[in-house]
Amino acid sequence: MKKVLMGNHAASWGAKLSRVRMIAAYPITPQTHIVEELSEMCSDGRLDAKFLKVESEHSAMASVIASETTGVRSFTASSSNGLALMHEMLHWAAGARLPIVMVNVNRALAPGWNIWADQGDSLAQRDTGWIQIYVEDNQEVLDSVIQGYRIAEQVNLPVMVCYDAFFLSHTYEPVDIPDQESVDSWLPSFEPDNFLDPENPKAYYGLVMPDNYMEMRYRLQQAHEAAKRVVSEVGNSFGNHFGRPYDLVETIHCDDAETVLITSSSATSPARLVVDKLRDAGRKIGLLKMRVFRPFPTEIVQEILGNKKTAIVIDRNCSWGKGGIFADEIKGAINNLSNRPMVYSFIAGLGGRGITPDLIEDIVKQVENSESPATSSEWIGLKPFN
Amino acid sequence: MTTHQDSFTDKPYPQEEYLQSGYLSCQGCGGSMIMRHALKALGPDTVCVIPASCWSIIAGNWPYSSLNIPIMHTAFETAGAAASGVRAALDLKGKPETHVLAFAGDGGTFDIGLQSLSGAAERNENIIYICYDNEAYMNTGIQRSSATPEMAWTTTTPATFPKVGPKKNIIQILTGHKIPYCATANVAWPMDLIAKVRRAAETKGTTFIHALSPCPPGWKISSEKSIEVARLATHTKVFPLYEVINGESYHINFEPKNLPVEAYLSMQGRFSHLSKADIAHIQQRVDYEWKILLQRSMMEPFHMNM
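First to last, the sequence lines map onto chains A and B. Counting from 254, one number per residue, gives the positions in the first sequence under our numbering. Counting from 12, one number per residue, gives the positions in the second sequence under our numbering.
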């Protein structure tokens with residue numbers, strides 16, 4: 254069934270089709286439609302789930318950690334300051350190895366108050382142990398939530414599906430909504446081995462001494478290593494079943510490219526136009542869409558960028574005191590290669606400013622006219638200062 | 012003044028133990044005795060949620076557990092939310108009879124956990140919340156909380172500048188949520204404690220028990236004096252035993268001997284710096300609070316005409 258859906262409702266449909274049983278959420282712009290729609294679905298019986306209207310995002314995450322520990326598939330959604338408030342419990346979810354799936358609508362952090370697109374909120378959660386998927390369009394929102402549960406429940410890691418505020422959350426696009434039966438035949442029900450059970454009493458998440466903590470954390474890291482393979486397998490299997498394959502990254506014209514443009518989230522769509530246009534003009538340029546940020550697909554990035562001349566990374570985020578985060582991670586991934594491209598890092602579109610085809614073309618031109626990258630990220634589209 | 016729970020206290024003392032030997036508390040720990048008796052009241056079909064507190068240690072380190080019911084340890088400020096999540100999941104799995112016990116200290120209840128507790132109480136989640144109140148952050152080394160009594164010594168309220176302001180009245184906060192059942196309890200009256208936990212378990216909705224938990228290292232008392240000191244807390248009216256139904260109807264369960272507060276304070280090193288005038292001030296406040304409680308217990312409860 255095709256429907257014209259806003260990104261947020263695509264997320265709600267993804268959760269509904271995944272047959273989540275417990276939803277705990279707190280409203281924040283621009284996430285609200287996700288939970289409003291799920292609340293409707295719960296109350297009119299389309300979704301057999303409990304909607305827990307908690308008093309904060311921190312409690313939302315604490316509640317879904319508890320319900321997953323009791324063996325029930327759970328979902329939440331947040332954004333920006335709400336995600337920041339969850340920070341402590343994000344560590345808890347991953348450390349507890351719970352396959353929670355959440356949606357984060359990427360929104361700038363205050364102050365000053367800004368409700369528009371910016372990846373700083375979820376990238377600040379980089380080290381919490383969550384799998385992070387950055388999606389480009391509303392179809393991918395729905396598909397990634399469903400895939401999220403299959404990935405999460407296979408590797409026992411939580412999954413965060415991230416997409417840009419307003420560019421996706423409030424923008425309507427045609428979305429193919431798969432049949433419930435079709436999803437049911439692809440996504441197994443949640444049957445964890447361990448859960449809170451008076452008939453088999455166990456203690457969860459208690460005190461761990463130094464002689465065991467490190468081994469537990471090594472297993473968390475190993476799970477992320479395994480997740481690289483699982484994300485690919487699940488994306489491929491999803492493609493076979495639903496006709497839309499996914500992977501850790503997507504490449505466009507990269508094979509014979511000398512220059513590779515690297516983007517994530519909604520900024521990828523204008524980049525596609527620019528790459529097509531420059532290809533038509535005879536330039537050897539390709540596009541690398543970074544879909545999964547954690548686990549970081551180091552091996553694939555090495556393979557794609559290994560013999561290229563130039564990489565251009567556009568970041569809608571900044572690690573203060575360092576620079577664009579995707580650029581930094583890509584540099585880290587290719588550092589030990591003997592042949593590696595120069596990496597140009599650009600920061601654009603913070604706080605909801607547009608990343609347009611013209612802006613991307615300007616970036617490419619700027620790189621073509623320069624001899625080597627600046628030592629720090631270059632900011633694009635700044636207004637002149639007085 | 013009579014208790015309204017005769018059918019609960021009439022039951023014999025339960026012999027079953029759910030707290031195993033080898034649990035990691037100090038000697039004379041009120042918190043351990045409260046857990047032991049609470050579980051005797053609740054039985055094995057119980058899931059326990061424990062936020063950061065002394066009980067994060069007492070329950071044992073991985074892979075051991077000192078309780079033979081399932082435990083979920085959770086972050087300091089999340090007992091209310093985590094218990095709500097367990098409750099929701101158990102209900103979804105068709106297990107509405109399984110008790111969900113949130114067992115938190117005074118820090119996790121009065122201070123950092125107050126928001127999520129308020130959220131759970133406002134939603135009237137079907138959970139039992141027991142606060143074992145040892146009147147300071149004992150696990151981290153006796154720092155003051157908002158449950159610390161006025162003028163008490165702690166490591167962050169030294170004797171030269173002791174705790175300013177009265178102890179927060181947590182029951183008043185909870186009764187303000189109009190939950191079906193609130194009660195105070197004291198380890199020195201284990202049968203009363205058991206009866207109240209039973210009553211909480213048989214009440215649908217959020218139930219809250221504020222249990223005084225003597226702490227030998229924090230209160231600077233000898234460990235064998237725990238029960239004696241706790242008993243004096245009630246006999247001096249410092250910690251009266253009462254229940255509140257639906258946030259409206261107050262029932263005092265036990266008539267105190269009305270001993271002077273000095274009898275209670277003088278046994279504890281944390282009050283050893285108090286002057287006669289300080290003790291007189293505390294006595295005044297205790298008498299005043301008791302009067303309020305008496306008046307509340309005599310008020311005609313509010314009945315809603317539906």
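Idealized CB from N, CA, C, for every residue including glycine. Note that the structure is predicted; figures quoted are calculated from it, not measured.
**Request:** Take the Cβ of M309 of chain B as the centre, count every other Cβ of all protein chains shown within 10 Å, and call the residue buried at 16 or more, exposed below.
**Result:** Taking the second sequence and counting its residues from 1, the one referred to as residue 309 of chain B is at position 298. Under this definition M309 of chain B is an exposed residue.
**Message:** DSSP three-state label for L304 of chain B, please.
**Reply:** In the second sequence, the residue the question calls residue 304 of chain B occupies position 293. Here L304 of chain B sits in helix by DSSP.
**Message:** Within 8 Å of any Cβ in chain B, is that where the Cβ of S320 of chain A sits?
**Reply:** Looking up residue 320 of chain A in the first sequence gives position 67. True, the Cβ-Cβ gap to chain B drops below 8 Å.
**Item:** 7 Å Cβ shell around K231 of chain B - same chain, five flanking residues per side excluded
**Value:** Stepping through the second sequence from its first residue, residue 231 of chain B is reached at position 220. Excluding sequence neighbours, K231 of chain B sits near Q279, G280, R281.
**Request:** Assign K178 of chain B to one of two classes, buried (16 or more other C-beta atoms within 10 Å of its C-beta) or exposed (fewer than that).
**Result:** The residue labelled residue 178 of chain B in the question sits at position 167 within the second sequence. Result: buried.
**Message:** Could you tell me which whole alpha helix (DSSP H) segments of length 4 or greater appear in the segment 335-385 of chain A?
**Reply:** Within the segment 335-385 of chain A, complete alpha helix (DSSP H) segments of at least 4 residues are found at 373-376, given in chain order.
**Exposed unless 16 or more other CB atoms sit within 10 angstroms - verdict on M469 of chain A** = Stepping through the first sequence from its first residue, residue 469 of chain A is reached at position 216. By the 10 Å Cβ count, M469 of chain A comes out exposed.
**Request:** Taking C-beta pairs closer than 7 Å, name the residues in chain A that P81 of chain B reaches, listed in chain order.
**Result:** As a working mapping, residue 81 of chain B is identified with position 70 in the second sequence. Listed along chain A, the residues sitting closer than 7 Å to P81 of chain B by beta-carbon distance are L449, D450, P451, P454, K455.
**Request:** Could you check the C-alpha separation between T245 of chain B and L252 of chain B for me, to the nearest Å?
**Result:** Residue mapping note: residue 245 of chain B aligns to position 234 of the second sequence, counting from 1. Residue mapping note: residue 252 of chain B aligns to position 241 of the second sequence, counting from 1. A straight-line Cα-Cα distance of about 7 Å links T245 of chain B and L252 of chain B.
**Asked** Does the count of Cβ pairs from the segment 442-462 of chain A and the segment 67-82 of chain B closer than 8 Å reach three?
**Response** Taking 8 Å as the limit for Cβ pairs, the verdict is that the segment 67-82 of chain B does touch the segment 442-462 of chain A.
**Request:** Work out the CA separation of D374 of chain A and A627 of chain A for me, nearest whole Å.
**Result:** The residue you call residue 627 of chain A lines up with position 374 of the first sequence. The residue you call residue 374 of chain A lines up with position 121 of the first sequence. Straight-line Cα distance between these residues: approximately 26 Å.
**Message:** If we define contact as Cβ-Cβ less than 8 Å, is H311 of chain A a contact residue for chain B?
**Reply:** As a working mapping, residue 311 of chain A is identified with position 58 in the first sequence. So yes, H311 of chain A belongs to the interface.
**Request:** Taking H262 of chain B as the reference, give the member of B:A196, B:C226, B:D298, B:Y299 with the closest Cα.
**Result:** Here residue 262 of chain B refers to the residue found at position 251 of the second sequence. Checking every option, the nearest Cα to that of H262 of chain B belongs to B:A196.
**Prompt:** Is the number of C-beta pairs between the segment 591-602 of chain A and the segment 558-577 of chain A that are closer than 8 Å three or more?
**Reply:** A contact exists between the segment 591-602 of chain A and the segment 558-577 of chain A.
**Request:** Report yes if the C-beta distance between M413 of chain A and M355 of chain A is below 8 Å; otherwise report no.
**Result:** Reading the first sequence from its first residue, position 160 is the one you call residue 413 of chain A. Reading the first sequence from its first residue, position 102 is the one you call residue 355 of chain A. Cβ distance < 8 Å, so M413 of chain A and M355 of chain A count as in contact.
**Prompt:** Alpha carbon to alpha carbon, what distance is there between S156 of chain B and L305 of chain B?
**Reply:** Here residue 305 of chain B is taken as the residue at index 294 of the second sequence, counted from 1. Here residue 156 of chain B is taken as the residue at index 145 of the second sequence, counted from 1. Looking at the backbone, the Cα of L305 of chain B and that of S156 of chain B are separated by about 27 Å.
**Item:** Backbone CA spacing between H15 of chain B and I256 of chain B [nearest angstrom]
**Value:** Numbered from 1 along the second sequence, position 4 holds the residue referred to as residue 15 of chain B. Numbered from 1 along the second sequence, position 245 holds the residue referred to as residue 256 of chain B. For H15 of chain B, the predicted structure reports a pLDDT of 48, less than 50, and the residue's modelled location is therefore unreliable. A value from the coordinates is still provided. For H15 of chain B and I256 of chain B, the distance between alpha carbons rounds to 10 Å.
**Euclidean distance between Cα positions of N79 of chain B and Q372 of chain A** = For the purposes of this step, residue 79 of chain B is taken as residue 68 along the second sequence, with counting starting at 1. For the purposes of this step, residue 372 of chain A is taken as residue 119 along the first sequence, with counting starting at 1. A straight line joining the alpha-carbon of N79 of chain B with that of Q372 of chain A spans about 45 Å.
**Message:** With a threshold of 8 Å between beta-carbons, can G280 of chain B be considered close to chain A, or not?
**Reply:** Translated into the one-based positions of the second sequence, residue 280 of chain B becomes position 269. When Cβ-Cβ separations below 8 Å define contact, G280 of chain B makes no contact with chain A.
**Prompt:** For a contact meaning CB atoms closer than 7 Å, what does V58 of chain B contact in chain A?
**Reply:** Mapped onto the second sequence, residue 58 of chain B falls at position 47. Within chain A, the residues whose beta carbon sits less than 7 Å from that of V58 of chain B are L449, P451, listed in sequence order.
**Message:** Any beta carbon from chain B within less than 8 Å of S265 of chain A's own beta carbon?
**Reply:** In the first sequence, the residue the question calls residue 265 of chain A occupies position 12. Judged by the 8 Å Cβ criterion, S265 of chain A is not in contact with chain B.
**Asked** Just by C-beta distance, which residues in the segment 458-470 of chain A are closer than 8 Å to chain B?
**Response** For the segment 458-470 of chain A, residues whose beta-carbon sits nearer than 8 Å to a beta-carbon of chain B comprise Y458, G459, L460, V461, M462, N465.
**Request:** Report the residues of the segment 87-104 of chain B with a CB closer than 8 Å to any CB of chain A, ordered along the chain.
**Result:** So the close ones are E88, T89, G91, A92, A93, A94, S95, G96, V97, A99, A100, L101, D102, L103, K104.
**Request:** Using a cut-off of 8 Å between C-beta atoms, extract the partners of S32 of chain B located in chain A.
**Result:** For this step, residue 32 of chain B is matched to residue 21 along the second sequence. Correct list: empty, because the minimum Cβ distance to chain A is about 16 Å.
**Item:** Alpha-carbon spacing of I538 of chain A relative to R134 of chain B, whole angstroms
**Value:** By one-based count along the first sequence, residue 538 of chain A stands at place 285. By one-based count along the second sequence, residue 134 of chain B stands at place 123. Going from the Cα of I538 of chain A to the Cα of R134 of chain B covers about 57 Å.
**Prompt:** Mind pulling the chain B residues with CB within less than 9 Å of E406 of chain A?
**Reply:** As a first step, residue 406 of chain A is located in the first sequence; it is residue number 153 there, counting from the start. Those do not exist, as E406 of chain A stays about 16 Å from chain B at its closest Cβ, beyond 9 Å.
**Message:** Taking only three categories from DSSP, how would you classify N257 of chain B?
**Reply:** To locate residue 257 of chain B, count along the second sequence from 1; it is residue 246. Here N257 of chain B sits in coil by DSSP.
**Message:** From the DSSP secondary-structure annotation, give me the bridge partner or partners of A115 of chain B.
**Reply:** To locate residue 115 of chain B, count along the second sequence from 1; it is residue 104. Note: A115 of chain B sits in a beta bridge opposite B:C142.
**Request:** Quick one: list the residues of chain A neighbouring P107 of chain B, beta-carbon separation under 9 Å, in chain order.
**Result:** Counted from its first residue, the second sequence places residue 107 of chain B at position 96. What P107 of chain B touches in chain A: nothing, since even the nearest Cβ is about 12 Å away.
**Asked** Whose C-alpha, out of B:K302, B:P271, B:A147, B:P160, is nearest the C-alpha of A291 of chain B?
**Response** As a working mapping, residue 291 of chain B is identified with position 280 in the second sequence. Each of B:K302, B:P271, B:A147, B:P160 was checked against the Cα of A291 of chain B, and the nearest Cα belongs to B:P271.
**Request:** Taking only the alpha-carbon atoms, compute the straight-line gap between D17 of chain B and E300 of chain B and give it to the nearest angstrom.
**Result:** Taking the first residue of the second sequence as position 1, residue 17 of chain B is located at position 6. Taking the first residue of the second sequence as position 1, residue 300 of chain B is located at position 289. Low confidence applies to D17 of chain B: its pLDDT is 49, below 50, so where it sits in the model is not reliable enough to give any reading.
**Prompt:** Under 8 Å between the Cβ atoms of Q295 of chain B and E308 of chain A?
**Reply:** In the second sequence, the residue the question calls residue 295 of chain B occupies position 284. In the first sequence, the residue the question calls residue 308 of chain A occupies position 55. Contact annotation: Q295 of chain B and E308 of chain A have beta-carbon atoms that are not nearer than 8 Å.
**Item:** Neighbour flag for H84 of chain B against chain A, beta carbons, 8 Å
**Value:** Residue mapping note: residue 84 of chain B aligns to position 73 of the second sequence, counting from 1. At least one CB atom of chain A sits nearer than 8 Å to the CB of H84 of chain B.
**Asked** Mind checking whether A94 of chain B and D144 of chain B have CB atoms under 8 Å apart?
**Response** As a working mapping, residue 94 of chain B is identified with position 83 in the second sequence. As a working mapping, residue 144 of chain B is identified with position 133 in the second sequence. Taking 8 Å as the cut-off, the beta carbon of A94 of chain B is found no closer than this to the beta carbon of D144 of chain B.
**Request:** Since I believe Y279 of chain A is in contact with G335 of chain A (beta carbons under 8 Å), could you give me their beta-carbon distance rounded to a whole number of angstroms?
**Result:** Counting from one through the first sequence, the residue named residue 335 of chain A turns up at place 82. Counting from one through the first sequence, the residue named residue 279 of chain A turns up at place 26. Contact holds; Cβ gap of about 6 Å.
**Asked** According to DSSP, is N322 of chain B helix, strand or coil?
**Response** Here chain B covers residues 12 to 317 and nothing more, so residue 322 of chain B does not appear.
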